[in-house]
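*Asks:* Going left to right, the sequence shown walks through residues 1 to 439 as my numbering numbers them.
Mind having a look at this structure? Questions to follow.
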Amino acid sequence: MTRVNNPSADPESAVRHSRLIDACPIFYGWVILVAATIGTVLTSPGQTYAISAFIDSFIQDLNLSRSLVSTLYTAGSLAGSVALTFVGRQIDARGPRYVGTITCILLGLTCVYMGFLQNAVMLVIGFCLLRMLGQGSLSMVCRIVINQWWSRRRGMAIGIVGVVSSILGSGSFPALIKWLIPMYGWRLGYVILGGLVAGLMLPVSLFLFRDRPEDYGLQPDGGGGEGEQSGQQFEEDNWTLDEAIRTRAFWLVSAGLSAMSALGTGMTFHFFSIFEDNGLSTAVIASIFVPIAATKAIVQLGGGFLIDRVPIRVVLGISLAMMAAVMITIPRVTTAEVALALSVVMGIRTGLQQLVSGVVWARFFGRRYLGAITGVTSTIGVASSALGSMPLGIARDRMGSYTFALTWLAVIPLILSLLNFAFGAQPVKKEGVRGGQAS
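Here it is as structure tokens:
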């Protein structure tokens, strides 16, 4: 493995040495990729597709209405999002290994806590912790560590993670949970999930995660490519958080991703209820997750290579337009065949969205301040996702249907699609400023 003696890559620290990295016969970024993939899969207990499988159990056992559970989910997600800016800065300061280890321990304990819920207050606290630690913190750690170790082939790396996490995460966890609940009950099911998260992710984070490759005298992608010869510093434009938030692209992309996060979360949270209202059985509904995951995996594998070459605004615009189409269609699906066909579209859309969210911030603003920038965007994203479930739950309780709300809310992604197509180009840093510092 080529090691680059380049102390200027990080002026605050000398080159470190790791016996694990030194002994690795391949570029250590591949080990990082495997570790981050495992971590991404194990964010599932904090993701809406997993939580949604427990919703009916919360409603029945805790004697709560669907509107109240939706409202508690919104409140918990909003509260959980507040901490993510702090978490992002901690990743910059302490590294993904430290933050990832603490996060997986807390996420495992939170799952155990969920097995002891007694009332609405305990439920909202649980929602807060699940969303903050699973969807927020652990997801952010995994995205950042991949972006730190991969640059030119970043899309490829994110695509590989997306394929595996689609199959083992969103494609498998709902079915796993639906098997656990009748077998062991939902409370013990949550305890089992907690043991799974802590038992698998703790050693992965503690022993395999490492900070930036430059800290170990290495280059992103393994170095050795054009413009990355030994001894030559890997160059990129690094924007500080203050600089990034002053760009139009930051807010357009954030708005687009946040809208899809909110609306997608809302549909996923009420996924079983939406299709049950249309006369589909629980077995058919659970089976829909499989083609969604399979299609998403295919898109992320091929799209991972494509997004390294296609403008992000184009991919984001297409995903937003597809979101609008899905929202208009989903409350009108009455047969299993149409539901399965729609699931393919949903998988494509979700795959494109996750590719964009995985690469955009490092590509637009560099890696040096990625934790701070991603902390803010994750806060926006998780807070936005909190807003999706409540209006749909209220609409269902008051109108008896999701159709009106979903149809009119589809206007939001449609408008954002047009705006990103037109104005969402990658920002260009002014001459004379590079690496986040004036030259």
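Glycine included, each C-beta is placed from N, C-alpha and C at the ideal position.
Quick one: grab the DSSP three-state call for T37.
*Replies:* DSSP places T37 in helix when its eight states are reduced to three.
*Asks:* Drop a sphere of 10 angstroms on the beta-carbon of G231, count the other beta-carbons inside from all chains shown, and report buried for 16 or more, exposed for fewer.
*Replies:* Annotation note: pLDDT 43 at G231 (below 50); position unreliable, coordinate value reported separately. Exposed, since its Cβ has fewer than 16 Cβ neighbours within 10 Å.
*Asks:* Looking at chain B, is there any beta carbon in it that lies within less than 8 Å of the beta carbon of G171?
*Replies:* Looking for chain B here will not work: only one protein chain is present.
*Asks:* Taking one C-beta from the stretch 250-265 and one from the stretch 415-423 each time, how about it: are there three or more such pairs within less than 8 Å?
*Replies:* These segments touch.
*Asks:* Could you name the residues of the same chain whose beta carbon sits closer than 6 Å to that of F27, not counting the 5 residues immediately before and after it, in chain order?
*Replies:* For F27, where only same-chain residues beyond five positions count, the Cβ hits under 6 Å are G222.
*Asks:* How would you label R154, buried or exposed, when you count the other beta carbons within 10 angstroms and need 16 or more for buried?
*Replies:* Flag for R154 reads buried.
*Asks:* Assuming V82 is part of the alpha helix (DSSP H), what are its boundary residues?
*Replies:* Run containing V82: none; DSSP gives neither H nor E here.
*Asks:* Taking all protein chains shown into account, decide if Y184 is buried (16 or more other Cβ within 10 angstroms of its Cβ) or exposed.
*Replies:* With fewer than 16 Cβ atoms within 10 Å of its Cβ, Y184 is classed as exposed.
*Asks:* Whole angstroms is fine: what's the gap from L355's alpha carbon to V69's?
*Replies:* If I take the Cα positions, the gap works out to 31 Å.
*Asks:* Roughly how many angstroms separate the alpha carbons of V428 and S357, rounded to a whole number?
*Replies:* Distance between the alpha carbons of V428 and S357 is about 19 Å.
*Asks:* On the criterion of 16 or more Cβ atoms from any shown chain inside 10 Å, does L20 qualify as buried, or is it exposed?
*Replies:* Classification of L20: exposed, given that the 10 Å Cβ count is below 16.
*Asks:* I312: which of M327, A249, L206, I292 sits nearest, CA to CA?
*Replies:* Of the listed residues, the one whose Cα sits closest to I312 is A249.
*Asks:* Could you name the residues of the same chain whose beta carbon sits closer than 6 Å to that of Y73, not counting the 5 residues immediately before and after it, in chain order?
*Replies:* So the list reads F127, S389, once near-sequence residues are dropped.
*Asks:* Would DSSP call F27 helix, strand or coil?
*Replies:* F27: coil per DSSP, three-state reduction.
*Asks:* For V41 versus V164, is the C-beta distance shorter than 8 Å?
*Replies:* Yes, the Cβ-Cβ distance between V41 and V164 is below 8 Å.
*Asks:* Between S352 and V315, how many whole angstroms is the CB-CB distance? I'm expecting something under 8 Å.
*Replies:* Position check: residue 352 holds Leu in this sequence, whereas Ser was assumed. Confirmed, Cβ separation roughly 5 Å.
*Asks:* Identify, in the order they occur along the chain, each residue of the same chain with its Cβ nearer than 7 Å to the Cβ of G303, setting aside the five sequence neighbours on each side.
*Replies:* Result list for G303: G159, G351, L352, L355, in chain order.
*Asks:* Roughly how many angstroms separate the alpha carbons of E228 and Q135, rounded to a whole number?
*Replies:* Low per-residue confidence applies at E228: pLDDT is 40, beneath 50, and the placement is therefore not dependable, though the value from the model is reported in the following sentence. So the alpha carbons of these two residues sit roughly 35 Å apart.
*Asks:* Let me check understanding here. Comparing Cα to Cα, which of A259, L340, V344 lies closest to I415?
*Replies:* The candidate whose alpha carbon is nearest that of I415 is A259.
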